[in-house]
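Under our numbering, the residue at position 178 of the sequence shown is numbered 171, and the numbers go up by one with no gaps.
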Amino acid sequence: MRAGEYRRIRVLERKREAEDTESIYFEDPLCSAASPGQFVMVWLPGIDEFPMSLSRIGGVSSITALRKGKGTEALLTAEDISIRGPFGNGFSPSAGKKVLIAGGIGMASLLPLVAEGDHVFLGARSAEYLPFVDEIAGRCAHLRTATDDGSMGFKGNVVDLFISARPEGHVYSCGPMGMLKTLHEHKIKAEASLESYMKCAIGICDSCTINGFIVCREGPVVRDLDRIFG
Ligand SMILES: Cc1cc2nc3c(=O)[nH]c(=O)nc-3n(C[C@H](O)[C@H](O)[C@H](O)COP(=O)(O)OP(=O)(O)OC[C@H]3O[C@@H](n4cnc5c(N)ncnc54)[C@H](O)[C@@H]3O)c2cc1C
Ligand code: FES
């Protein structure tokens, strides 16, 4: 079986992670061997095909969707779905401590990295939209949260929260482009997983390219934000 081939997968279990946010668990041998930061294309016949990061990688893997439009709405009720992948280049491995900075559902791609000793900065608009809080807290002692309305943790954005603490470690991030641009403006050296509109996911259609960077094939993780915003 090759990553480019569609596989029909059965939804084994669902887990609510936050408001409008759910994980879907499934078994797929290719996803079991994926690297953190890689993604699959989810095809819902008659509706759409779109990219989703692998939020858990193992004998049973998962994707985690935030309800946005008709695609993610259908995904959250589907009994079986088709996927191809995993695609792309994920995060580089780090031998030392990691610092993870996530905006909302961006935490999905960072979740497989979380380990004891790491620092996790997780932001969202309000407490009920913070995903994976219990799972992260169970895996590492240094989870700090930021919410726009101050309903949980720091009141403000997650980049400001990170700047107020600045722990040592290799920085990995995923979140809205505005958040990644702010990291770049503050000259914070970070690997970042990018969001872009994808169709082929294998580097031939050019729909995902940002500033000459082919997000589906060269990314979705960019090692230096200068490549995108420089
Ligand atoms: C590498 C990568 C990983 C992602 N991982 C996750 C994740 O783990 N969880 C999550 O909730 N979201 C993730 N996204 C974003 C997700 O793919 C979009 O939010 C989703 O396509 C929205 O579809 P929709 O129909 O629900 O929303 P709508 O906003 O209604 O979509 C409108 C239209 O835009 C298309 N569209 C929007 N974004 C994209 C896209 N990136 N690629 C192709 N088509 C798109 C939809 O297919 C649809 O036709 C990821 C995106 C990328 C690039
Ligand atoms: S989605 Fe076609 S080139 Fe990236």
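Virtual Cβ for every residue (Gly too), placed ideally from N, Cα, C.
When the options are compared against residue i, the one with the closest alpha-carbon
{"i": "Arg144", "options": "Gly89, Thr65 and Ala120", "result": "A small fix is needed here, since residue 144 is Ser in this sequence, not Arg. When each option's Cα is compared against that of Ser144, the closest is Ala120."}
{"i": "Ala134", "options": "Gly110, Phe155 and Asp153", "result": "Gly110"}
{"i": "Cys268", "options": "Gly131, Leu106 and Arg210", "result": "The structure shown does not extend to residue 268, since the chain is modelled only from -6 to 223, so the question has no answer here."}
{"i": "Pro160", "options": "Asp219, His112, Ser46 and Phe43", "result": "His112"}
{"i": "Glu72", "options": "Gly223, Phe19 and Thr14", "result": "Phe19"}
{"i": "Glu12", "options": "Pro213, Asp142, Pro124 and Lys148", "result": "Pro124"}
{"i": "Thr140", "options": "Ile40, Gly96 and Glu42", "result": "Gly96"}
Test item: CB-CB of residue i and residue j under 9 Å
{"i": "Thr57", "j": "Ala101", "result": "yes"}
{"i": "Cys24", "j": "Gly78", "result": "yes"}
{"i": "Ile2", "j": "Ile50", "result": "no"}
{"i": "Arg137", "j": "Leu154", "result": "yes"}
{"i": "Tyr165", "j": "Val92", "result": "yes"}
{"i": "Gly223", "j": "His179", "result": "no"}
{"i": "Met172", "j": "Val151", "result": "yes"}
{"i": "Leu5", "j": "Val53", "result": "yes"}
{"i": "Ile98", "j": "Thr14", "result": "yes"}
Bounding residues of the beta strand (DSSP E) (the contiguous stretch that carries residue i)
{"i": "Arg159", "result": "Segment: none, Arg159 is in no beta strand (DSSP E) and carries neither H nor E."}
{"i": "Ala117", "result": "His112 to Ala117"}
{"i": "His135", "result": "His135 to Thr140"}
Boundaries (first-last residue) of the alpha helix (DSSP H) holding residue i
{"i": "Pro22", "result": "Pro22 to Ser25"}
{"i": "Met100", "result": "Met100 to Leu103"}
> What does the shell around ligand 2 hold, if a residue joins when its beta-carbon is under 7 Å from any heavy atom?
Replying inline: Listed by chain position, these are Met191, Lys192, Cys193, Ala194, Ile195, Gly196, Ile197, Cys198, Asp199, Ser200, Cys201, Thr202, Ile207, Val208, Cys209 and Arg210.
> Looking at C-beta atoms only, is the number of pairs between the region 200 to 216 and the region 171 to 191 that lie closer than 8 Å three or more?
Replying inline: Counting C-beta pairs closer than 8 Å gives three or more between the region 200 to 216 and the region 171 to 191, which meets the contact rule.
>> Quick test of the definition: if touching needs 3 or more C-beta pairs under 8 Å, does the region 204 to 216 touch the region 171 to 191?
In response: yes
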